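To keep things clear, I will list the structure first and then write my remarks on it.
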Amino acid sequence: MKLKTIITNIVIGTRNEVIRWVELVVISAISVLIWRYQNTISYDAATDYFFWPALGPVLVSLRYGFGKGLISLLLTVAMVEGLNTLTGESIPLSISVILGTALLTMITGEFRDSWHLVNQRLTLNQEFANSRLEMFTQGYHLLKVSHDQLEQRLAGQQMSLRTAVQEIKQFTSADGKLTPAVADRTLDVLDKVISIYEAGFYEVIDGEISTRPLAQHGTVEELVLDDPMVRDAIEQRITVGARDLSEAGDRTHPKGVSKLQYQLVVPLVDVMGNIKAIIVASQVRFIQLTQGNIALVHLLASFIANLVSTDVHTPKLKPEQRKLFLHYLSNQDNYYTHYQVDSSLVVFTDQSKNQSVDIEHITDFRRGADIYWVTRDKNRNQAVFVLMPITNLIEAERYVTRIRKILMSRPGVTEADFDIIGPLYVNKQAEQVQDLLIRFGAFSDDLADSDYTDH
Numbered sequence: 134m135k136l137k138t139i140i141t142n143i144v145i146g147t148r149n150e151v152i153r154w155v156e157l158v159v160i161s162a163i164s165v166l167i168w169r170y171q172n173t174i175s176y177d178a179a180t181d182y183f184f185w186p187a188l189g190p191v192l193v194s195l196r197y198g199f200g201k202g203l204i205s206l207l208l209t210v211a212m213v214e215g216l217n218t219l220t221g222e223s224i225p226l227s228i229s230v231i232l233g234t235a236l237l238t239m240i241t242g243e244f245r246d247s248w249h250l251v252n253q254r255l256t257l258n259q260e261f262a263n264s265r266l267e268m269f270t271q272g273y274h275l276l277k278v279s280h281d282q283l284e285q286r287l288a289g290q291q292m293s294l295r296t297a298v299q300e301i302k303q304f305t306s307a308d309g310k311l312t313p314a315v316a317d318r319t320l321d322v323l324d325k326v327i328s329i330y331e332a333g334f335y336e337v338i339d340g341e342i343s344t345r346p347l348a349q350h351g352t353v354e355e356l357v358l359d360d361p362m363v364r365d366a367i368e369q370r371i372t373v374g375a376r377d378l379s380e381a382g383d384r385t386h387p388k389g390v391s392k393l394q395y396q397l398v399v400p401l402v403d404v405m406g407n408i409k410a411i412i413v414a415s416q417v418r419f420i421q422l423t424q425g426n427i428a429l430v431h432l433l434a435s436f437i438a439n440l441v442s443t444d445v446h447t448p449k450l451k452p453e454q455r456k457l458f459l460h461y462l463s464n465q466d467n468y469y470t471h472y473q474v475d476s477s478l479v480v481f482t483d484q485s486k487n488q489s490v491d492i493e494h495i496t497d498f499r500r501g502a503d504i505y506w507v508t509r510d511k512n513r514n515q516a517v518f519v520l521m522p523i524t525n526l527i528e529a530e531r532y533v534t535r536i537r538k539i540l541m542s543r544p545g546v547t548e549a550d551f552d553i554i555g556p557l558y559v560n561k562q563a564e565q566v567q568d569l570l571i572r573f574g575a576f577s578d579d580l581a582d583s584d585y586t587d588h
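Using the numbering used here, you'd call the opening residue of the sequence shown number 134 and step up by one each time.
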């Protein structure tokens, strides 16, 4: 690159204005020396003569334009005249030669200036075209990335947890029984999270899976109980997707992922670990089998299982139901271990002297699948634990802000009258959560356990 720059400066000229003037003076001086030397040579015929000093001004005009070429000629003539005066030499100054050299210098200078303008115009056009091309390339890549992200977002778009829970509450029966209608509506809700084309809903009675589907979407073949996905879902009590096995290499199946019977298996597991039913899907929209969607499907399936298990589903827990709350907390490990999705925990405590904040009032603003445990700390201050499944800290912080405004809106309540601990990640901040549970007596035997903890 350096050699190329040197060659360019030699052939075309430099852009440094000082060096240009130095070159002009040096070339003019060389022209004078050539002129002086040529004056000492005798020519036998006019045809042998050529005015070599003219090359100096012509060279300057070709490199730097008409103006500097003409200055070089004038400087050369001035230096010759000065040399004649100072040394007494008689270097002839022919008017015709000088005018001819000036004309040649003007022609070459004008050519160079015209060429330079055209070259500058083309350079500017090229730079403009390059900048527009770069802008177009950047815009194209941004558009492509945005399109891909939008396509993935639409393909893997999650149904709102709150909307799903509200819809589930509308169709679950009050007696807690699994009916064909409940099974069919369950498939409809899950279909809004992950598009399900072919799936069967099978009830589990006394640990045995019914061979006939309680409800189905599309055509359903005979259930294969020894399928590795079904086996994993039953044994580990987790939702299993074909993508999970493909990423793991499906070491449990000798024929590989391509031979799997199913693409999604969803067990309906209540908080006590009892499997109420299992959903087996042979065809789903594969691109929607993201960790977030599978975690949401598992949460909704567990929520439905709790609803049909009336002996365990209690979103608002009393102090003596601490073991049931610990079951809910331990269930969050599955979401983090298998789906890399954590849950959040917030604790509200009444710090007022006469316990006038009515901290339990926040349970009236339950969102979705949240679980509340009402208890007291060691100072007998009322407290409410709020467990928010598969909720990140940003969403949890919005909930905390809303509850803070609600508490502050009550007459006579100031921010000093209550305390908010969290939000905390249940798994990532497990040590802090454990300290809170110990502080509020979750592991204490002083509280009498209710019948809920015996199941």
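We put the beta carbon where it would ideally sit given N, CA and C, even for glycine. This structure is a prediction, so every number in the text was calculated from the model and none was measured.
Distance between Ser194 and Glu267, taken at the CA atoms: about 37 Å.
For the pair Glu564 and Val507, the Cα-to-Cα distance works out to about 21 Å. By the neighbour-count definition (other C-beta atoms within 10 Å, threshold 16), Glu336 is a buried residue. Considering only Asp491, Gln171, Val158 and Pro522, the residue with the shortest C-alpha distance to Ile539 is Asp491. Between Arg169 and Leu208, the C-beta spacing is not below 8 Å. According to the DSSP assignment, Lys409 belongs to the beta strand (DSSP E) that extends over Ile408 to Val417. Gly374 is bridged by DSSP to Leu397. As DSSP reads the structure, Val507 sits in a beta bridge with Val517. Contact check for Ala366 and Ile411: beta-carbon distance about 7 Å, within the 8 Å limit, so the pair qualifies. Fewer than three pairs of CB atoms, one per stretch, sit closer than 8 Å, so the region 221 to 238 makes no contact with the region 258 to 277.
Rounded to whole angstroms, the Cβ separation of Ala332 and Val402 is 18 Å, and the two are not in contact under 8 Å. Cβ neighbours of Asn172 within its own chain (closer than 6 Å, five residues either side excluded): Ile224. Taking C-alpha positions only, Ala262 is separated from Thr256 by approximately 10 Å. Going by C-alpha positions, Tyr468 is about 25 Å away from Val315. Per DSSP, reduced to three states, the secondary structure at Lys449 is strand. Contact between the region 482 to 491 and the region 451 to 460 is absent: fewer than 3 CB-CB pairs across the two stretches fall below 8 Å.
In this structure, DSSP gives Leu526 a helical state, which the three-state scheme calls helix. Of all alpha-carbon atoms in Val479, Asp510 and Lys511, the one lying nearest the alpha-carbon of Ile504 is that of Val479. When Leu358, Ile329 and Lys451 are compared, the shortest CA-CA separation from Ser343 is found for Leu358. The beta carbon of Ile408 is closer than 6 Å to those of Val337, Pro400 and Val402 in its chain, skipping five residues each way along the sequence. Counted as a single uninterrupted DSSP element, the stretch harbouring Pro186 is not any alpha helix (DSSP H), since DSSP gives it neither H nor E. DSSP places Ser477 inside the beta strand (DSSP E), whose first and last residues are Ser477 to Asp483. In this structure, the CA atom of Arg418 is about 48 Å from the CA atom of Gln259. Val337: member of the beta strand (DSSP E) spanning Ile329 to Ile338, first to last residue. Rounded to the nearest whole angstrom, the CA to CA distance from Val159 to Leu188 is 13 Å. Annotation: the continuous alpha helix (DSSP H) that includes Pro313 extends over Pro313 to Asp324.
In this structure, the CA atom of Asp510 is about 15 Å from the CA atom of Val519.
In this model, Ala162 and Val191 are separated by some 14 Å (Cα to Cα). Linking Leu450 to Gln369 through their CA atoms gives a straight-line distance of about 27 Å.
When DSSP states are grouped into helix, strand and coil, Val402 belongs to the strand group.
With respect to the 8 Å criterion, Thr482 and Phe576 are not classified as neighbours on the basis of their beta carbons.
Taking a C-beta distance under 8 Å as the contact criterion, Gln416 and Val559 do not qualify as a contact pair. The secondary-structure analysis by DSSP pairs Ala348 across a beta bridge with Phe334. The DSSP-derived three-state label of Pro361 is helix.
Only exposed fits Gln253, as fewer than 16 other CB atoms lie within 10 angstroms of its CB.
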